[in-house]
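Numbering (this note's numbering), first residue to last: 550 to 685. What follows is one structure encoded as structure tokens, with my remarks underneath.
Okay, structure coming up:
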């Protein structure tokens, strides 16, 4: 449940951030697109990790798996996906420059460290709130 709430909260936050930057309501596509502030991948996995830590303890095998899963996702968001996004921008620029007849690809950017950090903080807050509500 925490992971789902973390993802939804991050995606809604992306819409708010995009609308604020534009000075008008953003496209509803912001609700499901990847990339940008904050990282929904980070929010989702950190929310899950937080709940597992609180309910099963940091010594549990489940926490170890959740921790490794979170590390892989955060690394992928900042490094692998970011790099492939930068390569996509370069390829797109070449296609435009060469006036290629090929359909221009959509470039999906990864995340900056700040976007991952904010998504992680959001996930931590969501995880803590879910644990608190669960304990009532």
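Where a beta carbon is used, it is the ideal one built from N, C-alpha and C, also for glycine.
If you draw a straight line from the C-alpha of residue i to the C-alpha of residue j, how long is it?
i: residue 644; j: residue 654; result: 9 Å
i: residue 683; j: residue 559; result: 21 Å
i: residue 662; j: residue 603; result: 26 Å
i: residue 618; j: residue 597; result: 10 Å
i: residue 615; j: residue 555; result: 15 Å
i: residue 678; j: residue 660; result: 25 Å
Apart from the five residues on each side of it in sequence, which residues of its chain come closer than 6 Å, Cβ to Cβ, to residue i?
i: residue 611; result: 601 and 605
i: residue 622; result: 590 and 594
i: residue 574; result: 568
Would you kindly check if the distance between the Cβ of residue j and the Cβ of residue i is under 9 Å?
i: residue 675; j: residue 599; result: yes
i: residue 588; j: residue 669; result: yes
i: residue 592; j: residue 672; result: yes
i: residue 658; j: residue 680; result: no
By Cβ distance below 7 Å, which residues in the same chain neighbour residue i in space, the five residues on each side in sequence not counted?
i: residue 586; result: 563, 566, 664 and 667
Pairs of beta-carbons, one from the segment 632-647 and one from the segment 551-567, closer than 8 Å: are there three or more?
Counting Cβ pairs under 8 Å, fewer than three are found: no touch.
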